[in-house]
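Protein chains in written order, with our numbering: chain A, 1 to 207; chain B, 208 to 414. For every residue, glycine included, the Cβ atom is placed at its ideal position computed from N, Cα and C. Quick caveat, the model's predicted, so the values are computed rather than measured.
Protein chains: 2
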Amino acid sequence: MARAKKLTEKQDLILNFIEKFSIDNPFPPTLKEIAEEFKITLGTVQDHVFAIEKKGFIKRYPDVARGFKVTRPGDNKMQDMADMIPIYGSVAAGDPIFAMENIQGYVTMEKNRAGHKIHFALRIKGESMKDAGIYDGDIVIVRKQEDADNGDVVIALLDDEATCKTLKKTKIKAYLEAANPRYKAIMNRPFDIIGKVIELRRGFSVA
Amino acid sequence: MARAKKLTEKQDLILNFIEKFSIDNPFPPTLKEIAEEFKITLGTVQDHVFAIEKKGFIKRYPDVARGFKVTRPGDNKMQDMADMIPIYGSVAAGDPIFAMENIQGYVTMEKNRAGHKIHFALRIKGESMKDAGIYDGDIVIVRKQEDADNGDVVIALLDDEATCKTLKKTKIKAYLEAANPRYKAIMNRPFDIIGKVIELRRGFSVA
DNA sequence: ATTTAAGCCATATTTGTTTAAGGTTAATTA
DNA sequence: TAATTAACCTTAAACAAATATGGCTTAAAT
């Protein structure tokens, strides 16, 4: 993720190690553990760590064992980074979407991509978004919101049925468009937007 | 069935402190910090921590500073269900795929979809799998394995370059096929399979 | 009545970990 | 050319933290 080019190659390697170590273990590494990993001496690690800190990629706690804090995404606490969000099934007209009996499972997602409980997942049914690379059975992760921009892929409520479409906005009106020539755009029916698709997930059969 | 023994009130307080400290800081507390919090001595903390460990609520790393891991049985279900796996970038020929400097970030995935550290993610480059709904920039989650079945989407090493293709197997030979008519199948070059694609993820731009 | 466990204390020792202070070399930049 | 910077080194010292013993009190359990 194009970490600002400020770090040298070696510094970047070391930062990555600190990060990965902190994910694999419940605590950050010691300077010595870093030295061992890269087969360099303690003094050299001091130099690197100091440089990385000066450039703002980690925070150091003086005189504290394992006193690191990585200050960029991919941080320390896996727990703090992951959320479980419910997968809802496609709903038949009239049925409430967010009913608990409609929950098919859960998926994890990175926290902080937004605040709190504003995401859900929906299993796609049908081929209407095929040309946008969204297939039957795929799961989309949705951020709840009541409006969206022209061109956004949204989940809309149409006659009480949740459907995935592309939102089109002209100066005159807003309408929904399928990404499949076999479906025609929905021009003259009222609809409510319930969220914007921010991610697509597709499982492949696991042998 | 050795049901986890219950903690005493004091032990629970201490466990809670360790947990909270680990959330508020990028590392767990030291025994001394616990002692200070509860205004008790180091020796007493040793006793408590030993008891809590014996009852299975934390794991201790001997001779390791801040060497705690909270493993509350029962609680914390959500956290225990998620794993962070690294995203590797597409690699140029010759470069090692699993090098740390090639890590672009991390994604969460449900734990236990398999054992341990056998998954990684790869950012797809190119259009060769477009007809299978896998686009440039997509992320695939890969389970490491050295063979796969006919029809599986796999990551293969071709001339030291990681590539995403469909594996085809006939009675006579195995070969790789792109899902895009503009690419032709790779019939007569040796390749190694490094994993099978089990999930696809695509991010949509977030306003 | 004896044992056991929880909670507490104190002191000393060992090991882990960070910090300090000096240096070398090669490559880059002013 | 002189000055800087990255990357490496060694050694010593200071501090942080875990471990090892041993002992004390009270309440509950055998």
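DSSP-derived helix/strand/coil call for residue i
{"i": "Q145 (chain A)", "result": "coil"}
{"i": "E216 (chain B)", "result": "helix"}
{"i": "D399 (chain B)", "result": "strand"}
{"i": "I223 (chain A)", "result": "Nothing can be reported for residue 223 (chain A), as the shown portion of chain A is limited to 1 through 207."}
{"i": "A179 (chain A)", "result": "coil"}
{"i": "F153 (chain B)", "result": "Any answer about residue 153 (chain B) is impossible in this case: the structure gives chain B only from 208 up to 414."}
{"i": "E127 (chain A)", "result": "coil"}
{"i": "V360 (chain B)", "result": "strand"}
{"i": "V404 (chain B)", "result": "strand"}
{"i": "A369 (chain B)", "result": "strand"}
{"i": "F275 (chain B)", "result": "strand"}
{"i": "A242 (chain B)", "result": "helix"}
{"i": "I14 (chain A)", "result": "helix"}
Cutoff 8 Å; reference residue i; Cβ partners in own chain excluding five residues on either side
{"i": "I14 (chain A)", "result": "I34, F38, V45, H48, V49, I52"}
{"i": "I331 (chain B)", "result": "S297, I341, Y342, D343, G344, D345, I346, V347, C371"}
{"i": "L238 (chain B)", "result": "L249, V252, Q253, V256"}
{"i": "N107 (chain A)", "result": "It is worth fixing the name first, because residue 107 (chain A) is Val in this sequence and not Asn. M84, I85, I87, A121, I139, I141, R201, listed in sequence order."}
{"i": "F27 (chain A)", "result": "R66"}
{"i": "D356 (chain B)", "result": "L374, K376"}
{"i": "F305 (chain B)", "result": "Y295, F327"}
{"i": "D354 (chain B)", "result": "I400"}
Cβ of residue i within 8 Å of any chain A Cβ
{"i": "K375 (chain B)", "result": "no"}
{"i": "G402 (chain B)", "result": "no"}
{"i": "P397 (chain B)", "result": "no"}
{"i": "P158 (chain B)", "result": "Here chain B has residues from 208 to 414 only, and residue 158 (chain B) is not among them."}
{"i": "V361 (chain B)", "result": "no"}
{"i": "R408 (chain B)", "result": "yes"}
{"i": "I405 (chain B)", "result": "yes"}
{"i": "I331 (chain B)", "result": "no"}
{"i": "I310 (chain B)", "result": "yes"}
{"i": "G322 (chain B)", "result": "Legend: pLDDT at G322 (chain B) = 44, less than 50; position of this residue unreliable, value from coordinates given subsequently. Cβ-Cβ to chain A under 8 Å: no for G322 (chain B)."}
C-alpha distance - residue i paired with residue j, whole-angstrom precision
{"i": "V154 (chain A)", "j": "I193 (chain A)", "result": "7 Å"}
{"i": "F255 (chain A)", "j": "Y175 (chain A)", "result": "Look at the range of chain A in this structure, 1 to 207, and you will see that residue 255 (chain A) is not part of it."}
{"i": "I310 (chain B)", "j": "Y61 (chain A)", "result": "26 Å"}
{"i": "K266 (chain B)", "j": "S22 (chain A)", "result": "16 Å"}
{"i": "I18 (chain A)", "j": "H326 (chain B)", "result": "20 Å"}
{"i": "N387 (chain B)", "j": "K276 (chain B)", "result": "48 Å"}
{"i": "K261 (chain B)", "j": "D231 (chain B)", "result": "25 Å"}
{"i": "D160 (chain A)", "j": "A185 (chain A)", "result": "18 Å"}
{"i": "L364 (chain B)", "j": "I198 (chain A)", "result": "31 Å"}
{"i": "K144 (chain A)", "j": "K196 (chain A)", "result": "7 Å"}
{"i": "K378 (chain B)", "j": "R189 (chain A)", "result": "55 Å"}
{"i": "A63 (chain A)", "j": "L7 (chain A)", "result": "Note that residue 63 (chain A) is Asp in the sequence shown here, rather than Ala. Cα-Cα distance, rounded: 25 Å."}
{"i": "E317 (chain B)", "j": "F204 (chain A)", "result": "15 Å"}
{"i": "K173 (chain A)", "j": "D359 (chain B)", "result": "44 Å"}
{"i": "A369 (chain B)", "j": "E9 (chain A)", "result": "22 Å"}
{"i": "E243 (chain B)", "j": "P29 (chain A)", "result": "24 Å"}
{"i": "N16 (chain A)", "j": "K227 (chain B)", "result": "26 Å"}
{"i": "G312 (chain B)", "j": "I40 (chain A)", "result": "26 Å"}
Chain B contact for residue i (CB, 8 Å cutoff)
{"i": "L42 (chain A)", "result": "no"}
{"i": "R182 (chain A)", "result": "no"}
{"i": "T108 (chain A)", "result": "yes"}
{"i": "F204 (chain A)", "result": "yes"}
{"i": "I186 (chain A)", "result": "no"}
{"i": "P86 (chain A)", "result": "no"}
Same chain, Cβ closer than 7 Å to residue i, five either side skipped, listed in chain order
{"i": "M394 (chain B)", "result": "Y382"}
{"i": "Q11 (chain A)", "result": "H48, A51, I52"}
{"i": "Y177 (chain A)", "result": "First, the amino acid is wrong: residue 177 (chain A) is Glu here, not Tyr. The answer, listed in chain order, is K165, T166, K168, A185."}
{"i": "G126 (chain A)", "result": "D136"}
Chain-order list of residues whose beta-carbon lies under 6 Å from that of residue i (same chain, five-residue window excluded)
{"i": "R182 (chain A)", "result": "none"}
{"i": "D416 (chain B)", "result": "No information on residue 416 (chain B) is available, as it lies outside the stretch 208 to 414 that chain B covers here."}
{"i": "M129 (chain A)", "result": "C164, A179"}
Selection of the segment 47-74 of chain A by Cβ proximity to chain B, strictly under 9 Å: K59, Y61, V64, A65, R66, G67, F68, K69, V70, P73, G74
Contacting positions in the segment 335-357 of chain B - beta carbon closer than 7 Å to chain A: G340, Y342, D356
Chain-ordered residues of the segment 15-29 of chain A with a beta carbon less than 9 Å from chain B: N16, F17, E19, K20, S22, I23, D24, N25, P26, F27, P28
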